[in-house]
Amino acid sequence: MPRIHYSYRLGREVPLLTDEEWRPIGVHLSNYIRAIKDCRRAHGCSVAEAREKNPQGQKALAAYEALIGVRLEHPEQIYVLPLSLYGRPCPDCSKSFRTPRARICAACGYQLPDGEVAGPMTEES
Ligand SMILES: [Zn+2]
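In this text, residue positions in the sequence shown follow the numbering used here: the first is 1020, and each later residue adds one.
Following this line, the structure appears as structure tokens:
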């Protein structure tokens, strides 16, 4: 089940993925990056050209859409979707902490007690 949380990296709410959901989509992303490197090596094209010609990115986008029902604009957006990159929701404003190691909420400024960190976002968060 998709978990919709605010992504600081995308600047909007987006369905995040568990590690198990992310893994098969990540395989497409690895192929996407490899294909960009191969294209640049073989044809000397720019990164932009290599991205444009690359069908692997579309496979990653399609896999995310098939699972979640949302189409993203660019395959590299998928890199910021694992839940494990984010901290749990802020007790004050409910937006996620920026990272599991965060001590201050970037959205509202809520400060956790000394020695406490946000901890990871979980499926139940
Ligand atoms: Zn907050």
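Glycine included, each C-beta is placed from N, C-alpha and C at the ideal position.
Bear in mind that the values here come from a model prediction, so they are computed numbers and not experimental data.
Identity of the residue in the options nearest residue i by Cα
| i | options | result |
| --- | --- | --- |
| Ala1125 | Tyr1027, Ala1082 and Ile1023 | Tyr1027 |
| Glu1095 | Ile1023, Trp1041, Glu1032 and Leu1048 | Leu1048 |
| Lys1056 | Arg1042, Glu1040, Asp1038 and Gln1075 | Gln1075 |
| Gly1106 | Ala1061, Glu1135, Arg1059 and Arg1060 | Glu1135 |
| Trp1041 | Lys1078, Leu1100 and Ala1085 | Leu1100 |
Own chain, CB closer than 6 Å to residue i, minus 5 neighbours either side, in chain order
| i | result |
| --- | --- |
| Lys1114 | Tyr1025 and Ala1126 |
| Arg1060 | none |
| Ile1023 | Glu1032 and Pro1034 |
Delimiting residues of the alpha helix (DSSP H) encompassing residue i
| i | result |
| --- | --- |
| Leu1104 | Neither: Leu1104 is in no alpha helix (DSSP H) and is coded neither H nor E. |
| Glu1071 | Val1066 to Lys1072 |
| Ser1155 | Coverage of the chain is limited to positions 1020 through 1144, which leaves residue 1155 absent and any answer about it impossible. |
Nonlocal neighbours in the same chain, by C-beta distance under 7 Å from residue i, ignoring five residues either side
| i | result |
| --- | --- |
| Leu1091 | Leu1080, Tyr1083 and Ile1097 |
| Thr1037 | Leu1102 and Glu1142 |
| Arg1117 | Tyr1027, Gly1106 and Ala1125 |
Cβ shell of residue i (< 8 Å), same chain only, five flanking positions each side left out
| i | result |
| --- | --- |
| Asn1073 | Tyr1051, Ala1054, Ile1055 and Cys1058 |
| Gly1128 | none |
| Arg1122 | Gln1130, Leu1131, Glu1135, Val1136 and Ala1137 |
| Val1089 | Pro1021, Val1033, Pro1034 and Tyr1083 |
Run of the beta strand (DSSP E) containing residue i, from where it starts to where it stops
| i | result |
| --- | --- |
| Arg1022 | Arg1022 to Ser1026 |
With three or more C-beta pairs closer than 8 Å as the rule, is the stretch 1098-1114 touching the stretch 1063-1082? Segments in contact, no.
List in chain order: all unbroken alpha helix (DSSP H) runs of 4+ residues lying wholly within the stretch 1072-1099. For the stretch 1072-1099, the full-length alpha helix (DSSP H) segments reaching 4 residues or more read 1074-1087 along the chain.
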